[in-house]
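Please read the structure below before turning to the comments.
In this note's numbering, the protein residues as written are 2 to 231.
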């Protein structure tokens, strides 16, 4: 999955998720703000709490902090609800192959409690929403990650430890973050969050673009670029 393909699929996924958000809004608020909620249906599967999430070969997935753990698939009313391939290995949840053509009009939301500590993505596209104040570890291989924090909740991420390789991409919305540790290898990061401290390294034609932090300590090789703006 080339970088350009990741971006293109990301745009398509974003459009799909915006459409499906109408259905989610009905469930949360009891009314529809936009669109026709009767066009969608939801299927939920309760899960035990988990510390590690592995996502392989998947797209249209959103990870959300919640007081309980479960999976929720949103799909068109007249479509077949796609089966979610998932397994447990101890305290690790593995989700795979949510990227088939039948999934293009569906989205998967994974709700996780504060017990979640690490997210590992392989050939996948995942966005996050309001993941709490503790430290989170992300490990990306040929994947796309969008970090989003719901501003109305008014609590920031505490710390993020992020490793990305093999043409991975990371971007974010605007929120606050205490500290970021990042290792990029042939990957790209574009951050709009406000962070107090950034440290880490870039290699193999990697790029990072970030707002000016209070403290910064980044090493790079000759092929990589660091762009800091106000």
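Quick reminder that beta carbons are idealized off the backbone N, C-alpha and C, glycines included.
A quick note: this is a predicted structure, and the numbers were derived from the prediction, not measured.
Hey, how far is the Cα of residue 127 from the Cα of residue 212?
Within the chain shown, residue 127 is the residue found at index 126, counting from 1. Within the chain shown, residue 212 is the residue found at index 211, counting from 1. Computed Cα separation, rounded: 23 Å.
Compute the Euclidean distance between the alpha carbons of residue 1 and residue 120, then round it to the nearest angstrom.
In the structure displayed, the chain extends from 2 to 231; residue 1 sits before or after that span and is not available.
Using 10 angstroms around the beta-carbon of residue 62, count the other beta-carbons present and answer buried if the total reaches 16, otherwise exposed.
Numbered from 1 along the chain shown, position 61 holds the residue referred to as residue 62. Classification of residue 62: buried, given that the 10 Å Cβ count is 16 or more.
For residue 183 and residue 217, believed in contact at Cβ under 8 Å, the rounded distance
Here residue 217 corresponds to residue number 216 of the chain shown, with the count starting at 1. Here residue 183 corresponds to residue number 182 of the chain shown, with the count starting at 1. The C-beta distance from residue 217 to residue 183 rounds to 11 Å, too long to fall under 8 Å, and the pair is not in contact.
Residue nearest to residue 165 in terms of C-alpha spacing, selected from 177, 89, 147 and 188
Indexing the chain shown from 1 puts residue 165 at position 164. Minimum Cα distance to residue 165 is reached at 188.
The beta strand (DSSP E) with residue 191 in it runs from where to where?
Reading the chain shown from its first residue, position 190 is the one you call residue 191. Residue 191: member of the beta strand (DSSP E) spanning 189-191, first to last residue.
Would you check if there are 3 or more beta carbon pairs closer than 8 Å linking the segment 130-149 to the segment 90-109?
no
Going straight from the alpha carbon of residue 150 to that of residue 160, what length do you get?
The residue labelled residue 150 in the question sits at position 149 within the chain shown. The residue labelled residue 160 in the question sits at position 159 within the chain shown. Rounded to the nearest angstrom, the two C-alpha atoms are 13 Å apart.
What did DSSP end up calling residue 115 once you bin it into helix, strand or coil?
What you label residue 115 is simply residue 114 of the chain shown in a count that begins at 1. In the structure shown, residue 115 sits in coil (DSSP, three-state: anything other than H, G, I, E or B).
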